[in-house]
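> Just so you know, we're using the working numbering here: the sequence shown kicks off at 242 and counts up by one.
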Amino acid sequence: MLGRIRRRLVAFAQARHRGDLAGVFVDRPTKASADRVAGTIEMLRNLPEPVPMIADHVNLWLPARIAGALHAHGIWTLTDLTVRIPRRRRWWSAIAGLGVAGARRIEAFFAAHPALTERARALIVAAPSSSIVTWEQLRVPHEVDGSRGQFRAPQSACLLKASNDYEAVKSWLSLHESAATQRAYRKEAERLILWAIV
Numbered sequence: 242m243l244g245r246i247r248r249r250l251v252a253f254a255q256a257r258h259r260g261d262l263a264g265v266f267v268d269r270p271t272k273a274s275a276d277r278v279a280g281t282i283e284m285l286r287n288l289p290e291p292v293p294m295i296a297d298h299v300n301l302w303l304p305a306r307i308a309g310a311l312h313a314h315g316i317w318t319l320t321d322l323t324v325r326i327p328r329r330r331r332w333w334s335a336i337a338g339l340g341v342a343g344a345r346r347i348e349a350f351f352a353a354h355p356a357l358t359e360r361a362r363a364l365i366v367a368a369p370s371s372s373i374v375t376w377e378q379l380r381v382p383h384e385v386d387g388s389r390g391q392f393r394a395p396q397s398a399c400l401l402k403a404s405n406d407y408e409a410v411k412s413w414l415s416l417h418e419s420a421a422t423q424r425a426y427r428k429e430a431e432r433l434i435l436w437a438i439v
């Protein structure tokens with residue numbers, strides 16, 4: 242019974258992100274440590290429930306399996322996660338190892354903490370909605386630029402020396418001699434890329 246109480250106290254301390262306090266309950270208490278245990282219990286009683294902050298690491302709030310998949314994709318903090326999740330139905334498919342269940346868990350976490358999402362989005366400098374750029378100035382987000390495409394062959398096997406879809410289209414366009422043909426193909430390629438990423 243006492244072991245179960247100790248385990249519950251450890252879990253409670255860890256849920257409050259206080260691993261230092263959880264350590265007090267791991268060892269069997271002795272008469273010498275009884276005052277320390279009582280003080281720690283009192284401290285835990287007064288601890289507020291933790292609130293996620295945008296700079297917190299994802300492994301503080303999400304299970305280790307999900308955090309590992311996010312880390313492998315370069316997502317370390319809740320800010321990174323909020324900013325890099327596109328507003329698409331299958332946003333998680335680009336993150337290997339996450340899956341539908343992990344994505345739903347993340348979505349439920351953000352739904353439970355709406356203020357967190359608002360704080361993270363406030364950090365993003367919004368580009369003017371009327372900003373139209375030329376083909377040469379187009380900067381496609383890394384998640385959708387095709388550099389890690391499912392059907393991309395190894396660089397050594399490719400005839401075009403391109404590392405992403407934009408470079409591949411530019412190389413392909415340069416193969417056509419006629420300026421009129423290049424303009425027509427370029428217009429259609431721009432439409433295709435914009436359709437694919439928007």
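Cβ coordinates follow ideal geometry from the N, Cα and C atoms, glycine included.
Note that the structure is predicted; figures quoted are calculated from it, not measured.
Assuming Leu319 contacts Ile336 (C-beta within less than 8 angstroms), just tell me the rounded distance between them.
Start at 1 with the first residue of the sequence shown, and residue 319 comes out as number 78. Start at 1 with the first residue of the sequence shown, and residue 336 comes out as number 95. With 8 angstroms as the limit, Leu319 and Ile336 do not qualify as a contact, their Cβ atoms being about 15 angstroms apart.
> Within a Cβ cutoff of 6 angstroms, which residues of the same chain sit near Lys411, ignoring the five residues on either side of it in sequence?
The count along the sequence shown starts at 1 and reaches residue 411 at position 170. For Lys411, where only same-chain residues beyond five positions count, there are no Cβ hits under 6 angstroms.
> Would you list the residues sitting across from Thr318 in a DSSP beta bridge?
One-based indexing of the sequence shown puts residue 318 at position 77. BP columns for Thr318 point to His298.
> Distance, Cα to Cα, Arg286 vs Met242?
Counted from its first residue, the sequence shown places residue 286 at position 45. Counted from its first residue, the sequence shown places residue 242 at position 1. Taking the straight line joining both Cα atoms gives about 20 angstroms.
> Taking DSSP as the reference, what is the three-state secondary structure of Lys402?
Position 161 of the sequence shown, counted from the start, is the residue given in the question as residue 402. The three-state reading of DSSP puts Lys402 in coil, since its state is none of H, G, I, E or B.
> Using the Cβ count rule (16 or more neighbours within 10 Å means buried), how would you classify Thr375?
Taking the sequence shown and counting its residues from 1, the one referred to as residue 375 is at position 134. Around the beta-carbon of Thr375, fewer than 16 other beta-carbon atoms lie within 10 Å, marking it exposed.
> Excluding five sequence neighbours on each side, which residues of the same chain lie with their C-beta closer than 7 angstroms to the C-beta of Ile316?
To locate residue 316, count along the sequence shown from 1; it is residue 75. Only Val299, Leu322, Arg325 meet the Cβ criterion.
> Determine the DSSP secondary structure at Met242, reduced to helix, strand or coil.
One-based indexing of the sequence shown puts residue 242 at position 1. Coil, per DSSP.
> In whole angstroms, what separates the C-alpha of Arg259 from that of Trp302?
Residue numbering aside, residue 259 sits at position 18 when the sequence shown is read from its first letter. Residue numbering aside, residue 302 sits at position 61 when the sequence shown is read from its first letter. Cα to Cα, Arg259 sits roughly 13 angstroms from Trp302.
> What residue from Ala353, Ser419, Glu431 has the CA that sits closest to Val381's CA?
For this step, residue 381 is matched to residue 140 along the sequence shown. Out of Ala353, Ser419, Glu431, Glu431 has the C-alpha closest to the C-alpha of Val381.
> How would you label Gly343, buried or exposed, when you count the other beta carbons within 10 angstroms and need 16 or more for buried?
Locating residue 343 in the sequence shown gives position 102, counting from the first residue. With 16 or more neighbouring CB atoms inside 10 Å of its own CB, Gly343 falls in the buried class.
> Among the candidates Phe350, Ala352, Leu311, Gln423, whose CA atom is the shortest distance from the CA of Arg333?
Here residue 333 is taken as the residue at index 92 of the sequence shown, counted from 1. Residue 333 is actually Trp in this sequence, not Arg. Closest option to Trp333, Cα to Cα, is Leu311.
> Is Asp386 helix, strand or coil when you go by DSSP?
For the purposes of this step, residue 386 is taken as the residue at position 145 of the sequence shown. In the structure shown, Asp386 falls within a coil segment according to DSSP collapsed to helix, strand and coil.
> Using the Cα positions of Arg389 and Leu435, report the straight-line distance between them to the nearest angstrom.
Residue numbering aside, residue 389 sits at position 148 when the sequence shown is read from its first letter. Residue numbering aside, residue 435 sits at position 194 when the sequence shown is read from its first letter. Going from the Cα of Arg389 to the Cα of Leu435 covers about 18 angstroms.
> Which word fits Leu262, buried or exposed, when buried means at least 16 other C-beta atoms lie within 10 angstroms of its C-beta?
Your numbering for residue 262 matches position 21 in the sequence shown. Result: buried.
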